[in-house]
Every structure is written in structure tokens, then in C-alpha cells.
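Colleague: Taking this note's numbering as reference, the numbering of the sequence shown is continuous, increasing by one, and the terminal residue is 1408.
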Amino acid sequence: AYFGAVDGRPNTRGGCYRINLLPTTVHIYFGSVTGATPDGRRSGLPLSEGISPVQGADRRGPTAVIQSAAKMDHVRTGGTLLNQKLSPDVLRSEEDMDNLVHLVRTYFGLGGHHIQFNVVDAKTLRAAQARPEAYRNLIVRVAGYSDYFCDLGTPLQDEIIARTEHQSFA
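#1: PRO1185 bridges to which residues according to DSSP?
#2: Have a look at LEU1260 and GLN1354 and give me their C-alpha separation to the nearest angstrom.
#3: Could you check the C-alpha separation between PHE1346 and MET1310 for me, to the nearest Å?
#4: Using C-beta distances below 6 Å, list every residue in its chain close to ASN1249, excluding the 5 sequence neighbours before and after it, in chain order.
#5: Can at least three beta-carbon pairs, one atom from the segment 1291-1306 and one from the segment 1378-1395, be found at a separation below 8 Å?
#6: Quick check on VAL1342: does DSSP put it in helix, strand or coil?
#7: If you measure between the beta carbons of ILE1266 and PRO1393, is that distance less than 7 Å?
#8: On the three-state DSSP scale, how would you describe PHE1355?
#9: What's the gap between the Cα of GLY1349 and the Cα of VAL1342?
#10: Name the residue from GLY1242, ASP1359, PHE1268 whose alpha carbon lies nearest to the alpha carbon of THR1315.
#11: Note down, in chain order, each residue of its chain lying with its Cβ closer than 7 Å to the Cβ of GLU1332, except the 5 sequence neighbours on either side.
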């Protein structure tokens, strides 16, 4: 329905609108000017950074997220962006690493387009906010790109901290 309502419609500059779900960091600004949404997101809070579930809405694990995200037609969108935040405890063993490989291959096998991971816990990110000089080398995936966490603005840091931190692949 979204694609049909927007794609190909004329815009004010003589071109036409195209669907693109790779928002980089505009989800912070757009959220600041958007009212509350039916999914429980409060007015003024960041929107989802792409096709990722809104912060805290992914309660059934990364496997459920990829199954949901893969249902859309990624080819028609001009690209999509799916972020996942994993606890470092999820990747302790070779079996854990194999599970990550299976998750990624499954997503692409289902027709997914782009997936990226942060493997860091909220405790570490909060420590980096409090003592940036001790975490200058901490790099995170933001939304289609990576950056030094301490160089990001506080609203973007807070949004990354608020993303669901998955404790398993289930």
C-alpha cells in the first residue's frame, strides 16, 4: 500500500518520488517532529532507523525480526536497512558464530537486502557516554554507516543504546 501510494508520484521539483528505506540519521529528526504512533512509540522519540523494529519493539528475538523484515519486497524499495544489536555474550563460542552465519544466510535466503550488527551492550555504551576519553576507539553501526560512538551527538547515542539488545538468536 505504501509503495503504491508514493512511488512514481510527481514531486515539486519536476521529478517523481521513489521509495528508499535507507534513512541514515534522519530518523532522529523525523521522530522529533512526529507525534505518537500506534505501535506505542511516544511523541518526539526517534523513529525506526530503516526497517528495523522501533527501539524495544522486537521482543521475540533476531530470528523473528528477520522473518518479519524479509516479508517485504526489498527490490521495489531501492534498498532497505535492518539493524540488530547483539549482546557480546551471544557470540562467545564457535557455535555462536555459526548461529550468526546461519541468521545472516537465512535473511538473504528469504530475500532480505541489508543487515548490520552492533555487538555491544548498553552498559558499555553508557560508560562511553560518561567517559568518552576511555572509549575513543569504540565504533558502532549507526544506520547504513559506522562511526565512532563518542563522536555522535547525544540523541543518536541514546537511540543506539535504546535499541533492543538480543541475548540469544531465538
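Think of the CB as a built atom: it goes at the ideal place given N, C-alpha and C, for glycine as much as any other residue.
In this text, all values refer to a predicted model and were calculated from it rather than measured experimentally.
Modeller: In short:
#1: One cannot answer for residue 1185 here, as it falls past the ends of the chain, which runs 1239 to 1408.
#2: For the purposes of this step, residue 1260 is identified with residue 22 of the sequence shown, where counting begins at 1. For the purposes of this step, residue 1354 is identified with residue 116 of the sequence shown, where counting begins at 1. If you take the alpha carbons of LEU1260 and GLN1354, they lie about 12 Å apart.
#3: Indexing the sequence shown from 1 puts residue 1346 at position 108. Indexing the sequence shown from 1 puts residue 1310 at position 72. Approximately 12 Å between the Cα atoms of the pair.
#4: Here residue 1249 refers to the residue found at position 11 when the sequence shown is read from its first residue. Excluding sequence neighbours, ASN1249 sits near TYR1255.
#5: no
#6: Translated into positions along the sequence shown, residue 1342 becomes position 104. Annotated three-state conformation of VAL1342 is helix, per DSSP.
#7: Working through the sequence shown from its first residue, we reach residue 1266 at position 28. Working through the sequence shown from its first residue, we reach residue 1393 at position 155. Cβ atoms of ILE1266 and PRO1393: closer than 7 Å.
#8: Numbered from 1 along the sequence shown, position 117 holds the residue referred to as residue 1355. Strand at PHE1355.
#9: The residue labelled residue 1349 in the question sits at position 111 within the sequence shown. The residue labelled residue 1342 in the question sits at position 104 within the sequence shown. Approximately 11 Å, taken between the alpha carbons.
#10: Stepping through the sequence shown from its first residue, residue 1315 is reached at position 77. Here the closest residue by C-alpha is GLY1242.
#11: Counted from its first residue, the sequence shown places residue 1332 at position 94. Excluding positions up to five away in sequence, the list is empty.
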